[in-house]
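Q: Residue numbers (mature numbering (1 follows the signal peptide of the UniProt record, and there is no 0)): -25 to -1, 1 to 652. Submitted below is the structure of interest, expressed as structure tokens.
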Amino acid sequence: MKKIISRCLLTAACVIGFSQIPAYAAEENEVPKLQIPVMSDVHISGAYQADNFAKALQEYKELAPNYKALAVVGDLTNQGLDSQYDEFNRILNANMNPTAEKVLSIGNHELFEMRFWPKPWITNKTLTDRFINKTGMPGVYYDKWVEGYHFISLGGEEMSEKDYAIISDAQYRWLEKTLAVQADPKKPIFVFLHQPIDDTVYGSDEFGGGLKDGRLANLLKQYPQVILFSGHLHYMADHAKTVYQDGFTMVNTSSIAYTLYEGGYGPDKSSQGLLVNVYDDKVEIKAREFSNDTWVNSYTIKVPYEKTIDDTEKPAFRDHANIKVENIVGDEMTISWDPAIDNTQIDKYYIKQDGKKIQTTYAKFWDKNAGNNRISATIPNIKPNTNYRFEIVAVDAWGNESSNSLTIQGTATKQAGWTQRDGKWYYLDEATGEKRTGWLQSGGKWYYLNEDGVMQTGWIEQTWKWYYLGQDGAMQTGWINQNGKRYYSTETGMMQTGWLNLNGKWYYFAEDGAMQTGVLSYGSSKYYLNSNGVMQTGWVKEGNVRYYLDSNGIMQTGWVQDGNTKYYLDSSGLVKAGWLRIEGTWYYLDSNGAVKTGWLQSGNTWYYLDKDGAMKTGWLQSGNTWYYLDKDGAMKTGWLQSGNSWYYLAGSGAMQTGWLEINGKYYYFDHTGVWRP
């Protein structure tokens, strides 16, 4: 073995057992002298990041309840705003061990206000002072001692367009003096800097901190017991090169907010950090995945320093590994091959043509089943009727290329018509064999192929018009039922909007194409569409309410004459019932909304409504009889004084004339009903 490595990840049994191993022990019953949660890239800006941060802190308290120090290696916030610092502090103080020492480092995002909201008064000093004031740290760079161990936090002092760590000469001189203080080769020195040294830990070759001049690395190499923690990359801690050693030890802390790998984003909701366990003769670094509460990696660093983490052993393909062409669609060829094996992990595969790398396929190294699955890749720009030869080279986490490779060669034949690849359909031109794009008529039906040639289904938009393509890709016309809504596509396939007359019936479709039902407001008018979407006319009943729509479907308001009956509809079109006052006059409408006329008994009181339904007041002649209705319209009985005269109204309300006995006394009323004493 050319590799000297002490890692639990090397055996499947150990990986499976991670979740069962107590966080406080590298070996059974071994208790660490010091425990330190280390995380970075919290990026407080919204609820998602806040929840991730709180969950990580709560889990640290469960895993190591007596930890003495907690480190967050930069990008505490997303833009360095006051409100984001306040939220960071609120979550931190509510969920951390209150007796632990905080070690907070400044990140490039703490300086982002200068980049995205430039203002003359916002300077580098403004933002570095804000970091100091909000976090309570002694400075942008400072040191602390915890339980006899030296903690040193470094930080960029200026905003960099490339997000580099800008470290001043003053900071370097301070670091040189500070490292020497009580330095003991048998005790680790913990150093924290947001950006990593270039070309060290996983991902730093692409997104390093601009620290290529060797000044920081050479200074730290004078103290091999240094363990430098950096963030910035977001690269997953599952990777074998999370820890890198070159005269001292460097560690990638991954990210709380979200994770990345060379191929893009890590698993959905992935959130990671480290737990550092310090013993007399070693430091154990364990990587935690907070989204599923599992350990994903573990390293042991010897103290005094020894280089125990390195890899020069090459990966290899097994003797029986094979490679084959899965299919060729147009100018694209899909190939697949058996995975290679390695003593740490396979990181990626290079696809070479004529010895030149033309493509890279990245392995999902965090997937424990990935090593059992075939790898596939699609190679573009394959010309039909031409020879090809491709070579597959495996690359491990340390950049070692495989000792052997897989090759495939042959001739790509021209194809035509419909063809399926990876569950997607394409159409190859009969003349050229190239993938068709855009609208295509095939077998009397229309299809749409996107810019990659993939046949589309469902709704598509073309030149501001919408079309619906069925599961077979064919463009649909007529009625379409989709997600509980109805749509209509014209003979050209275009989705209908607005009014549409079908077989003498009117329908209305909203801007999104959905057929409307119920009350519809259109312009200054309202309409009613039944459950089938058909515009209604005449009377319509919906539940306990009724509407009236004219011959054009327009919902009526105010007075409506239907035959010999009048109705009144309010401003929303609802038929009114019961007593109703309109422009100072009272009317009574029955339960169907019809206006009542003539005598009306309401409760114990009688009223009179004229031929138009208007409630009468004062003297009223009905037939040959006179009645009197008060100001509220109520018919009066008994004695009545009207003006200077007295009248008597019988129990029926009829005005009396002539002699009349009332309570044993006789009274005389003339022919006009006036009492004559």
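Yeah, the Cβ is synthetic: ideal placement off N, Cα and C, and Gly gets one too.
(1) Could you check the C-alpha separation between K(-24) and A406 for me, to the nearest Å?
(2) Among F167, A629, I310 and E288, which has the Cα closest to the Cα of Q334?
(3) For W149, does the three-state DSSP call read helix, strand or coil?
(4) With H, G and I counted as helix, E and B as strand and the rest as coil, what does DSSP make of I(-10)?
(5) Where are the alpha helix (DSSP H) runs, 4 residues long or more, that stay fully inside the region 25 to 102, in chain order?
(6) Give me the DSSP bridge partner(s) of H125.
(7) Would you tell me roughly how many angstroms separate the C-alpha atoms of G131 and N72, rounded to the nearest one?
(8) What number of angstroms, rounded off, separates the C-alpha of N458 from the C-alpha of Q431?
(9) Which whole-angstrom value is the C-beta distance of A215 and A372, which I expect to be below 8 Å?
(10) Is H18 near Q24, with beta carbons less than 8 Å apart?
(11) For Q54, which residues from the same chain have a beta carbon less than 6 Å from its beta carbon, with the 5 sequence-adjacent residues on both sides left out?
(12) Just list the residues that DSSP pairs P12 with in beta bridges.
(13) Quick check: the Cα distance between Y236 and A44, rounded to an integer number of angstroms?
(14) Contact defined as beta carbons within less than 8 Å: I believe T512 pairs with L524. What is the distance between those atoms, to the nearest angstrom?
(15) Under 8 Å Cβ to Cβ from E2, same chain only, skipping five residues before and after it: list those, please.
(16) Skipping 5 residues on each side, what residues in its chain have a beta carbon closer than 7 Å to that of K339?
(17) Does the region 27 to 35 come close enough to the region 254 to 265 that 3 or more CB-CB pairs lie under 8 Å?
(18) Looking at the secondary structure, which residues open and close the beta strand (DSSP E) in which E405 lies?
(19) Are there 16 or more other CB atoms within 10 angstroms of the CB of G520, so buried, or fewer, so exposed?
(20) Quick one: Cα of G385 to Cα of P290, how far?
(21) Have a look at W341, Q446 and Y543 and flag the residue whose alpha-carbon is nearest the alpha-carbon of G398.
(22) Quick check: the region 642 to 652 against the region 615 to 634, are there 3 or more CB pairs under 8 Å?
(23) Given a threshold of 16 other Cβ atoms within 10 Å of its Cβ, counted over all protein chains shown, does G473 qualify as buried or as exposed?
(24) Less than 8 Å between CB atoms is the rule here; does G82 satisfy it with respect to chain B?
(25) To which residues of the same chain is residue 725 closer than 7 Å at the C-beta, ignoring the five residues directly before and after it?
(26) May I ask you to list the residues that DSSP assigns as paired with L504?
(27) Taking the beta strand (DSSP E) that L595 falls in, what are its first and last residues?
(28) Should D427 be counted as a contact of the ligand ATP given a C-beta to heavy atom distance under 7 Å?
(29) Just to confirm, is the Cβ distance from V278 to Q200 under 8 Å?
(30) Using the C-alpha atoms, what's the distance from V550 back to Y542?
(31) Should E34 go down as buried or exposed, given a rule of 16 or more other Cβ atoms within 10 Å for buried?
(32) May I have the straight-line CA-CA distance separating A552 from M530, to the nearest angstrom?
(33) Given R396, which residues of its chain have a CB within under 7 Å of its CB, disregarding the five upstream and five downstream residues?
(34) Under three-state DSSP, which class holds S179?
(35) Give me the Cα-Cα distance between S80 and R105, rounded to the nearest whole angstrom.
(36) Could you spell out the range, first to last residue, of the alpha helix (DSSP H) harbouring N227?
A: Well, looking at it:
(1) Any answer about K(-24) is weak, because its pLDDT of 33 lies below 50 and its placement is not dependable; what the coordinates show is given next. Straight-line Cα distance between these residues: approximately 56 Å.
(2) I310
(3) helix
(4) Below a pLDDT of 50, predicted positions are generally treated as unreliable, and I(-10), at 25, falls in that range; no measurement from the model is reported.
(5) 57 to 70 and 87 to 91
(6) W120 and I164
(7) 28 Å
(8) 18 Å
(9) 4 Å
(10) yes
(11) F87 and E88
(12) L250
(13) 29 Å
(14) 5 Å
(15) Reliability fails at E2, whose pLDDT of 48 lies under 50, so the model's placement of it is uncertain and no value is given.
(16) A345
(17) yes
(18) Here E405 belongs to no beta strand (DSSP E), and DSSP marks it neither H nor E.
(19) The question names Gly, but residue 520 is Val in the sequence shown. So V520 counts as exposed.
(20) 27 Å
(21) Q446
(22) yes
(23) exposed
(24) Protein chains in the displayed structure number just one, and chain B is not present.
(25) This structure gives no information on residue 725, because the portion of the chain shown stretches from -25 to 652.
(26) G493 and M510
(27) G593 to S597
(28) No copy of the ligand ATP appears in this structure; indeed no ligand is present at all.
(29) yes
(30) 7 Å
(31) buried
(32) 18 Å
(33) N302, V304 and T309
(34) helix
(35) 13 Å
(36) First-last for N227: T224 to N227, but that is the beta strand (DSSP E), not the alpha helix (DSSP H).
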